[in-house]
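A.B. asks: Sending over a structure as structure tokens; questions will come in a sec.
2 protein chains.
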Amino acid sequence: MKKETCQTAGEFGKCPFVTAQQLLKGKWVILIMHELNEGPKRFGELRRSIDITQATLSSQLKKMEEEGLILRTIYPEVPPRVEYTLTDIGKEFHIVLASIEQWGNAYIEYLKKKA
Amino acid sequence: MKKETCQTAGEFGKCPFVTAQQLLKGKWVILIMHELNEGPKRFGELRRSIDITQATLSSQLKKMEEEGLILRTIYPEVPPRVEYTLTDIGKEFHIVLASIEQWGNAYIEYLKKKA
DNA sequence: CCGAATCCAACAAGATACTG
DNA sequence: CAGTATCTTGTTGGATTCGG
Numbered sequence: 001m002k003k004e005t006c007q008t009a010g011e012f013g014k015c016p017f018v019t020a021q022q023l024l025k026g027k028w029v030i031l032i033m034h035e036l037n038e039g040p041k042r043f044g045e046l047r048r049s050i051d052i053t054q055a056t057l058s059s060q061l062k063k064m065e066e067e068g069l070i071l072r073t074i075y076p077e078v079p080p081r082v083e084y085t086l087t088d089i090g091k092e093f094h095i096v097l098a099s100i101e102q103w104g105n106a107y108i109e110y111l112k113k114k115a
Numbered sequence: 001m002k003k004e005t006c007q008t009a010g011e012f013g014k015c016p017f018v019t020a021q022q023l024l025k026g027k028w029v030i031l032i033m034h035e036l037n038e039g040p041k042r043f044g045e046l047r048r049s050i051d052i053t054q055a056t057l058s059s060q061l062k063k064m065e066e067e068g069l070i071l072r073t074i075y076p077e078v079p080p081r082v083e084y085t086l087t088d089i090g091k092e093f094h095i096v097l098a099s100i101e102q103w104g105n106a107y108i109e110y111l112k113k114k115a
């Protein structure tokens with residue numbers, strides 16, 4: 001009986017670490033998840049909260065919707081309103097966000113001491 | 001008094017999420033941290049555990065060493081041996097790894113149901 | 001207001017060959 | 001064994017423009 005957590009990087013959908021790494025890579029996913037973890041937000045709100053261009057935000061949100069992390073709701077109003085929320089599996093991501101916040105702050109402290 | 005967790009993406013070293021995202025972006029950091037979290041490993045061991053080329057692994061390890069996540073120890077033997085271990089702040093990253101493992105497995109389940 | 005389309009710059013990462 | 005050097009490729013993200 002071997003240890004076998006995950007051996008190859010080719011196993012998206014098998015190893016939790018490989019899977020998560022694929023989803024989190026890139027420059028924005030963690031930040032968007034963090035924003036939406038605080039509640040539903042509109043496109044423009046997200047764009048201002050994070051410093052990101054329209055085109056980039058748009059493609060990121062589309063990708064995350066396809067991956068099942070977020071939901072997009074269109075309200076047929078004038079002017080049009082589009083709201084983004086977390087899916088069930090997206091909401092569960094809060095445990096990762098919490099540990100990232102904790103560790104991130106520790107790392108920031110480490111940076112200060114080093115400097 | 002505003003909420004203010006982190007508003008702009010330009011604040012590396014200020015916001016824990018922005019900082020962590022910068023460190024974790026790319027395709028390999030989480031996987032390497034996971035491997036080293038289980039104990040010290042040699043270059044060749046890492047290369048086999050993860051499916052990664054020499055050149056890529058080498059540059060990743062160098063970057064992570066500069067960021068203070070890992071330590072590199074050279075044993076002047078023949079044949080040469082180099083061992084990688086986690087630094088103190090690197091070891092603390094295990095809380096993030098644990099939550100990623102948990103959530104990653106949940107996401108894998110979600111994928112199965114969806115399919 | 002939201003976001004799609006296009007084009008392009010920057011960077012990440014793989015293949016291969018070579019060194020102490 | 002543990003890298004480095006170089007070249008090439010693939011992927012991301014940004015600027016700009018246009019449409020519903």
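Chains A and B are the protein sequences, given in the same order. Mapping of the first sequence onto the UniProt record's numbering: residues 1 to 115, in sequence order. Mapping of the second sequence onto the UniProt record's numbering: residues 1 to 115, in sequence order. Just so it is clear, CB atoms sit at the ideal spot from N, CA and C, and this is done for glycine as well.
1) Kindly give me the distance between the Cβ atoms of residue 31 of chain A and residue 18 of chain B, rounded to whole angstroms, as I take these residues to be in contact under 8 Å.
2) Can you list, in chain order, the residues of its chain whose CB lies under 8 Å from that of residue 42 of chain B, leaving out five sequence neighbours each side?
3) Per DSSP, residue 41 of chain A forms a beta bridge with which residues?
4) Check the DSSP bridge columns for residue 75 of chain B and list the partner residues they point to.
5) Determine the chain B residues that contact residue 24 of chain A at a beta-carbon separation under 7 Å, and present them in chain order.
6) Run through DSSP, which three-state label would residue 89 of chain B get?
7) At a Cβ cut of 7 Å, what residues of the segment 42–69 of chain B count as close to chain A, listed as they run along the chain?
8) Quick one: is residue 31 of chain B near chain A, going by C-beta distance under 8 Å?
9) Can we say the segment 90–106 of chain B touches the segment 88–95 of chain A, given the rule of at least three CB pairs closer than 8 Å?
10) If we ignore side chains and look at the alpha-carbon of each, how far apart do residue 47 of chain B and residue 61 of chain B end up?
11) Do residue 73 of chain B and the ligand ADP come close, with the Cβ less than 7 Å from some heavy atom?
C.D. replies: Reading from the atomic positions:
1) That belief holds up - the Cβ atoms of residue 31 of chain A and residue 18 of chain B are roughly 7 Å apart, short of 8 Å.
2) Cβ within range, chain order: 81, 82, 83 and 84.
3) Note: residue 41 of chain A sits in a beta bridge opposite A/84.
4) B/81
5) 24
6) helix
7) 49, 50, 51, 52 and 68
8) yes
9) Contact holds: three or more Cβ-Cβ distances are below 8 Å.
10) 11 Å
11) Questions concerning the ligand ADP fall outside what the structure shown contains, since it holds no ligand whatsoever.
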